[in-house]
Amino acid sequence: DQQVKQNSPSLSVQEGRISILNCDYTNSMFDYFLWYKKYPAEGPTFLISISSIKDKNEDGRFTVFLNKSAKHLSLHIVPSQPGDSAVYFCAARDSGGGADGLTFGKGTHLIIQP
Amino acid sequence: DGGITQSPKYLFRKEGQNVTLSCEQNLNHDAMYWYRQDPGQGLRLIYYSQIVNDFQKGDIAEGYSVSREKKESFPLTVTSAQKNPTAFYLCASRITGGPHSPLHFGNGTRLTVT
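Protein chains in written order, with my numbering: chain A, 113 to 226; chain B, -12 to 101.
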């Protein structure tokens, strides 16, 4: 039972345009959401997060939007740059739950085309 | 420079042998985690520890064991009971005292068992 779903395995975007990565979740107890970026053979790097009391969080070129009623979040990257090509993981935590740790989606491979 | 060090980067073992993966952090984080990544899959939680001398099973703990004798160290042993041990293993840590803190990851160990 996948609680965090990233339905697009890959996404191709032209350099300079906006990249939008989507993530859906099923567990209504999740209250903290994060996006990670991962290059091959490296560990994931934390990008940006949002708590469930907010609907938007912005950090430079990265903005995360949260729609709690739809159980959906998205990551916007504007403008997209070649170095943004990587796998992006959506993750979530139920901070009131018994188990610690994050639940991850399967990732979306973002390819920025020159 | 603070961070999480995983060693070695690549590890090869014969089937039936136990193998221990090292994870050391100098971030002074209380909580540490082990995840496993398989191709096309998200990260799955193996074990976590929120405090020295205490640890909890994650979603896929069978065939693995851990110890947490020091705050800085959280080694993972992949035993011969693990049916599919070949994978990319990631160690992470985070500061506690609040639920909304991201995990910081090491660069992983790729284990190949033949």
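Where is the CB? At the ideal position from N, CA and C, for every residue including glycine.
Amino acids of chain B, ordered along the chain, whose beta-carbon sits closer than 7 Å to that of residue i
i                      : result
residue 156 of chain A : 92
Closer than 8 Å to chain A by CB, residue i
i                      : result
residue -11 of chain B : no
residue 50 of chain B  : no
residue 32 of chain B  : yes
Chain-ordered neighbours of residue i on chain B, where CB pairs are closer than 9 Å
i                      : result
residue 146 of chain A : 89 and 90
Per DSSP, cross-strand counterpart(s) of residue i
i                      : result
residue 19 of chain B  : B/36 and B/80
residue 142 of chain A : Residue 142 of chain A pairs with nothing; no bridge assigned.
residue -3 of chain B  : B/97
residue 190 of chain A : Residue 190 of chain A is not bridged to any residue.
residue 126 of chain A : A/225
residue 57 of chain B  : B/60
residue 166 of chain A : Note: residue 166 of chain A sits in no beta bridge, so no partner.
residue -9 of chain B  : B/12
residue 120 of chain A : Answer is none; residue 120 of chain A lacks a bridge partner.
residue 69 of chain B  : Paired residues: none, contrary to the question.
residue 131 of chain A : A/189
residue 91 of chain B  : B/80
residue 179 of chain A : A/184
Closer than 8 Å at the beta carbon, the chain B residues around residue i
i                      : result
residue 161 of chain A : 87 and 89
residue 217 of chain A : 29
Partner residues on chain A for residue i, Cβ-Cβ distance less than 7 Å
i                     : result
residue 37 of chain B : 212
Whole-angstrom C-beta distance between residue j and residue i, which should lie under 8 Å
i                      : j                      : result
residue 197 of chain A : residue 130 of chain A : Residue 197 of chain A to residue 130 of chain A, Cβ: 15 Å. No contact.
residue 168 of chain A : residue 201 of chain A : Contact flag wrong, Cβ pair sits at about 20 Å.
residue 188 of chain A : residue 136 of chain A : So it is not a contact: roughly 16 Å between Cβ atoms.
residue 14 of chain B  : residue 80 of chain B  : 6 Å
residue 34 of chain B  : residue 63 of chain B  : 7 Å
residue 66 of chain B  : residue 52 of chain B  : 6 Å
is_contact[residue i, chain B] using C-beta, thresh 8 Å
i                      : result
residue 201 of chain A : yes
Chain A residues whose Cβ lies nearer than 9 Å to that of residue i
i                     : result
residue 77 of chain B : 155 and 156
Interface residues of chain A facing residue i [CB-CB closer than 8 Å]
i                     : result
residue 95 of chain B : 153, 154 and 155
Q | Near-chain A residues of the segment 2 to 30 of chain B (beta-carbon distance less than 9 Å), N- to C-terminal order | A | 18, 20, 22, 24, 27, 28, 29 and 30
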